[in-house]
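Written out as structure tokens, the structure reads:
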């Protein structure tokens, strides 16, 4: 190999091989990142800053400028993509009053940024020329900028603003015309219109509006055009704007509603009530069915409240919503939520025939399967129907008919609804037809017995004071559900409230003898509390012993221990004609008396000990 050349082996980069850690135990002294940073900061050498220099002559100025330019050029060579470096460089040259160099730097920046097309450099460059009153330079720059970036609105606004500040109205108008050739958004057109209005050029503004609605045929553009004509007192022209807009945009799903509302409000302001009503009706007929058009409905309702009558509101607003609900129930006749909404709509109008018609159509959609989960929502249609007939229509015969038809329809052999039976019975009670109410509840118990029906029936008879009926109902209740501890407890509670202690005790005895109970602890507790309240401590103790034979629960033993203790005592009876005799009797020691007795014994013992010590002394 010739001398002066390096071999491949000599030039290749050697990468250190990763080695396995032999000892993985943690170091005795752990070092945190905070400690490393603190030590690095403590060992860091102080930054050396150049001393402040005072420039006194042109030579030093030239040296300073040369040094700064070298620094900026060095930065540009390294980070030329950074716009802020170019901006600072150009602004520094401007601060040195060397505009020629500043322009050169701005031009270089524009060349570098040719691909990115950042308009901020153009803005700052033109701002420098304007600040230093180089109008021709600035105008030339704005021309180049809007040619290069015609879609940046800010450049056009700045250019126009400069010409307008200079009083060059014709030049500003020419710039607007150039800009409109690019078909900007509506804001650009509106700025042009405002410019013309500042100089009272009404016809020019009207022409620009015509071009705007051709370029942007949107509802908001037509509405602004019409408001412009209205503001200038041209009612006929404004109406023509709305009519042309309706011809072009009536089928627009998104914006038609806004157009119709604005058109109707315009006619309302012009005191053309009939025209406004026709527009609202036309809108309701032509807006797509899928759209809610809430604003249109609310505006029309407010309009009719001000100028129309109730029938007009019903025919327009409710009619449209009714049509929508009809489409929905045709698509899915068993969507009961839709039927509820439809019924609510008709009830808000108050037409009885329509309400009944919708109810009848709704209840005709019987669930296809005889399963309760399919009927749970459907049954509320019948309930609402009956309540409407009773409370709103106040037709009691129809209410009774609704309840009967509903009870006939329900397949009671598979499932039933206690709510319907109870509502029907309560309705008869409100009509003072107790016999019919009892027949309904009796039929319910016979065909589809439920806890809720028994409880409510017993409650009704109890309020009426029919104790014998209550007893018979409890017997039926317990025949149907002998394991129901709640029913046994309530039956015994009824007997106790009537001071029939033996009956209540017999009920409890029958209850605890049942082979199966759902909540036996509830029943035993009620029985024990009953005996305690009656003062039958022997019976209570016997009950606890019977219960302990069945279960050894700790709480039961604790409660048993809290019963009063049975004590056999003797007392002396003095006889007038002979010696005294003793009589045995039974006394009870209650738990709350025991601590006091124990304290008395301790006090007596302490007193005896104290006397004994004193006698020895």
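In this note's numbering, the protein residues as written are 219 to 835. For every residue, glycine included, the Cβ atom is placed at its ideal position computed from N, Cα and C.
- Between the C-alpha atoms of residue 643 and residue 620 there is a straight-line separation of about 13 Å.
- The closest CA to that of residue 276, considering only 270, 254 and 284, is found on 284.
- For residue 649, the three-state secondary structure derived from DSSP is coil.
- With respect to the 8 Å criterion, residue 717 and residue 705 are not classified as neighbours on the basis of their beta carbons.
- Straight-line spacing of the CA atoms in residue 682 and residue 666 works out to 24 Å.
- Counting every other CB atom within 10 Å of its CB across the protein chains shown gives residue 723 a total of 16 or more, marking it as buried.
- Secondary structure at residue 476: helix, using DSSP grouped into helix, strand and coil.
- For residue 749, the CB contacts under 7 Å within the same chain, skipping 5 residues up- and downstream, are 757, 758 and 761 in chain order.
- At the C-beta level, residue 347 and residue 328 stay beyond 8 Å of one another.
- Inter-residue distance for residue 441 and residue 453 is about 13 Å (C-alpha atoms, whole angstroms).
- For the pair residue 728 and residue 735, the CB atoms are not nearer than the 8 Å cut-off.
- Annotated three-state conformation of residue 277 is helix, per DSSP.
- A residue is called buried once 16 or more other Cβ atoms fall within 10 Å of its Cβ, and residue 349, having fewer, is exposed.
- Here DSSP, grouped into helix, strand and coil, assigns residue 488 to coil.
- About 5 Å separates the beta carbon of residue 580 from that of residue 599, a gap short enough to meet the 8 Å contact definition.
- Under the three-state reduction of DSSP output, residue 668 falls in the coil class, being neither helix nor strand.
- Contiguous alpha helix (DSSP H) elements confined to the segment 557-606 occur at 570-581, 590-593 and 597-605, taking only those with 4 or more residues.
- Put simply, the segment 646-653 does not touch the segment 624-637. Fewer than three CB pairs are less than 8 Å apart.
- The DSSP-derived three-state label of residue 297 is helix.
- CA-CA distance, residue 446 to residue 504, rounds to 27 Å.
- When 425, 451 and 407 are compared, the shortest CA-CA separation from residue 434 is found for 407.
- In the displayed model, residue 400 falls within coil according to three-state DSSP, outside both helix and strand.
- Taking a cut-off of 8 Å on C-beta distances, the segment 516-526 does not touch the segment 561-571, as fewer than three cross pairs fall below it.
- With a 10 Å radius around the Cβ and a threshold of 16 neighbouring Cβ atoms, residue 383 comes out exposed.
- Judged by DSSP in its simplified three-state form, residue 454 adopts helix.
- Ranked by Cα distance from residue 252, the options 245, 260 and 659 are led by 260.
- Runs of alpha helix (DSSP H) with 4 or more residues, each lying fully within the segment 336-406, are found at 337-349, 353-366, 371-383 and 387-398, listed in chain order.
- In the three-state reduction of the DSSP assignment, residue 546 falls in the helix class.
- Shown here, residue 313 sits in a helix according to DSSP, grouped into three states.
- Contact check for residue 413 against residue 390 passes: the beta carbons are separated by less than 8 Å.
- Per DSSP, residue 536 lies in no alpha helix (DSSP H) and is assigned neither H nor E.
- Around residue 474, the same chain offers 437, 467, 468, 501, 504 and 505 as residues with beta carbons nearer than 8 Å, after the five sequence neighbours per side are excluded.
- Annotation for residue 243: no alpha helix (DSSP H) segment contains it, and DSSP assigns it neither H nor E.
- Residue range 719-730 is occupied by the alpha helix (DSSP H) that includes residue 719.
- In this structure, residue 763 and residue 719 do not form a Cβ contact; the two beta carbons are roughly 21 Å apart against a cut-off of 8 Å.
- Closest option to residue 271, judged by alpha-carbon separation, among 263, 282 and 265: 282.
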